[in-house]
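Chains as they are written, first to last, in my numbering: chain B, 207 to 427; chain W, 7 to 165.
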């Protein structure tokens, strides 16, 4: 019996090896790097620069283009974001700019981005950023996500009246449309995308990959 | 024993699919190869875990169990036994019911179709089919008779 099963076991081994190879190859997928001439966006210019954390004198600036409903962006924010804030931003190595890039393929993303702008109006953008990404399950599946987003905003102690007034006014929609157009003009169509020095890379990077690019950009200065 | 070979091969494929989704869930992989982000939407939904355990991990455990039983059932001491096939059918039956529930959630609640989940659903249905075909091919267990059992007393003569 064992002899007749030999080709079968070899076949199983081939399937297992091929599958393991494909899974291993998927580890680094999304990290394709391209050199780009990154046009600067002047603060106070026609286009909103983005939400910034970190020192203005940091040697490296990273621009993140992200969509709040994008699962890979959430994965990046949850798994890599805390390391970046503690080890790169807080230590003065990196100035981080978050640029909203709501993708039209996502049903609730505009509401989420607008909610983040409204929280940002009260100096709570980054808190809302974390709330939105860490609580995808609460608002992404909703047909009308406004109530869930409102609960998230209230959890970070924004002024309810001002938040509600901001949301109902839709006053940040022009900004979001402008950011979409700016990203399109730069040839950015997927999220998350990062501009690090003169290089552009897409995908939910791991910390080590990002740190390597930061070190490269710092060395190239 | 062809059905056990088929269920072993299918279970290995299912194991690889589940492993891929589970590793993504743990953050070990970059992006899911899914195309339109629907897989990620499903995998990040609250229905992608049960009591804190990722559904993909349950798939890893389930497919591994089917693979192990299928391979064990190909070994000489068990090759003529019926229970490995019965065990495959029971496990695959549970898997099909669970896949049906998850597919319902994708269609009616999450409203996104994860291609890898559909592949897994097809695989588990195929394993169940292989198991059922195998059960039919196996001879039913012979009724137990004990040589020490005395023959039943003769009944009253038929009128």
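Beta carbons: idealized from backbone N, C-alpha and C, even for Gly.
If we call anything under 8 Å between Cβ atoms a contact, is residue i one with residue j?
i	j	result
residue 386 of chain B	residue 308 of chain B	yes
residue 264 of chain B	residue 298 of chain B	yes
residue 135 of chain W	residue 76 of chain W	no
residue 295 of chain B	residue 420 of chain B	no
residue 184 of chain W	residue 46 of chain W	Examination of residue 184 of chain W is not possible in this model, given that chain W is present from 7 through 165 alone.
residue 339 of chain B	residue 254 of chain B	no
residue 72 of chain W	residue 97 of chain W	yes
residue 323 of chain B	residue 392 of chain B	no
residue 378 of chain B	residue 320 of chain B	yes
residue 111 of chain W	residue 229 of chain B	no
Whole angstroms is fine: what's the gap from residue i's alpha carbon to residue j's?
i	j	result
residue 396 of chain B	residue 53 of chain W	26 Å
residue 166 of chain W	residue 85 of chain W	Coverage of chain W is limited to positions 7 through 165, which leaves residue 166 of chain W absent and any answer about it impossible.
residue 69 of chain W	residue 334 of chain B	40 Å
residue 137 of chain W	residue 79 of chain W	12 Å
residue 394 of chain B	residue 357 of chain B	32 Å
residue 133 of chain W	residue 257 of chain B	52 Å
residue 27 of chain W	residue 314 of chain B	24 Å
residue 350 of chain B	residue 375 of chain B	17 Å
residue 259 of chain B	residue 317 of chain B	23 Å
residue 306 of chain B	residue 373 of chain B	17 Å
residue 9 of chain W	residue 91 of chain W	8 Å
residue 207 of chain B	residue 213 of chain B	Any answer about residue 207 of chain B is weak, because its pLDDT of 48 lies below 50 and its placement is not dependable; what the coordinates show is given next. Rounded to whole angstroms, residue 207 of chain B to residue 213 of chain B spans 12 Å at the Cα level.
residue 113 of chain W	residue 352 of chain B	23 Å
residue 415 of chain B	residue 58 of chain W	29 Å
residue 118 of chain W	residue 67 of chain W	25 Å
residue 40 of chain W	residue 122 of chain W	8 Å
residue 139 of chain W	residue 11 of chain W	13 Å
residue 293 of chain B	residue 223 of chain B	37 Å
residue 217 of chain B	residue 231 of chain B	21 Å
residue 93 of chain W	residue 210 of chain B	24 Å
residue 106 of chain W	residue 368 of chain B	46 Å
residue 312 of chain B	residue 221 of chain B	36 Å
residue 325 of chain B	residue 115 of chain W	29 Å
Excluding sequence positions up to five away, which residues of its chain have a Cβ less than 7 Å from the Cβ of residue i?
i	result
residue 365 of chain B	328
residue 125 of chain W	23
residue 131 of chain W	102
residue 412 of chain B	286
residue 17 of chain W	69, 72, 73, 76 and 133
residue 60 of chain W	28, 31 and 54
residue 261 of chain B	298 and 301
residue 360 of chain B	366
Using CA atoms only, rank isn't needed, just tell me which of the options is closest to residue i.
i	options	result
residue 108 of chain W	W:127, W:77, W:17 and W:59	W:127
residue 104 of chain W	W:65, W:17 and W:117	W:65
residue 269 of chain B	B:408, B:341, B:401 and B:368	B:401
residue 99 of chain W	W:129, W:62 and W:112	W:129
residue 330 of chain B	B:341, B:362 and B:354	B:362
residue 51 of chain W	B:261, B:344, B:284 and B:218	B:344
residue 20 of chain W	B:216, B:226 and B:215	B:226
residue 284 of chain B	B:231, B:262, B:302 and B:342	B:342
residue 332 of chain B	B:312, B:303 and B:310	B:303
residue 291 of chain B	B:389, B:336, B:222 and B:215	B:336
residue 310 of chain B	B:215, B:408 and B:383	B:383
residue 7 of chain W	W:106, W:58 and W:82	W:82
residue 141 of chain W	W:95, W:115 and W:123	W:95
residue 417 of chain B	B:289, B:216 and B:224	B:289
Going by DSSP, which residues form a beta bridge with residue i?
i	result
residue 271 of chain B	B:305 and B:399
residue 288 of chain B	For residue 288 of chain B, which the question treats as bridged, DSSP gives no partner whatsoever.
residue 257 of chain B	B:304
residue 60 of chain W	W:55
residue 299 of chain B	The partner list for residue 299 of chain B (beta bridge, DSSP) is empty, contrary to what the question assumes.
residue 266 of chain B	B:300
Against chain D, with Cβ distances strictly below 8 Å, would residue i count as a contact?
i	result
residue 35 of chain W	Here chain D cannot be found, since the structure's protein chains are B and W.
Considering only residues of the same chain and omitting the five flanking positions on each side of residue i, which have a CB-CB separation below 6 Å?
i	result
residue 266 of chain B	300, 420, 423 and 424
residue 354 of chain B	344, 345 and 348
residue 281 of chain B	410
residue 219 of chain B	none
residue 399 of chain B	271 and 408
residue 389 of chain B	271 and 307
residue 279 of chain B	272, 273, 397 and 398
Could you pull out every residue in the same chain whose Cβ sits closer than 8 Å to the Cβ of residue i, ignoring the five residues on either side in sequence?
i	result
residue 49 of chain W	27, 30, 31, 38, 62 and 120
residue 370 of chain B	356
For residue i, verify whether its CB is less than 7 Å away from any heavy atom of the ligand MN.
i	result
residue 32 of chain W	No copy of the ligand MN occurs in the structure displayed, which carries no ligand at all.
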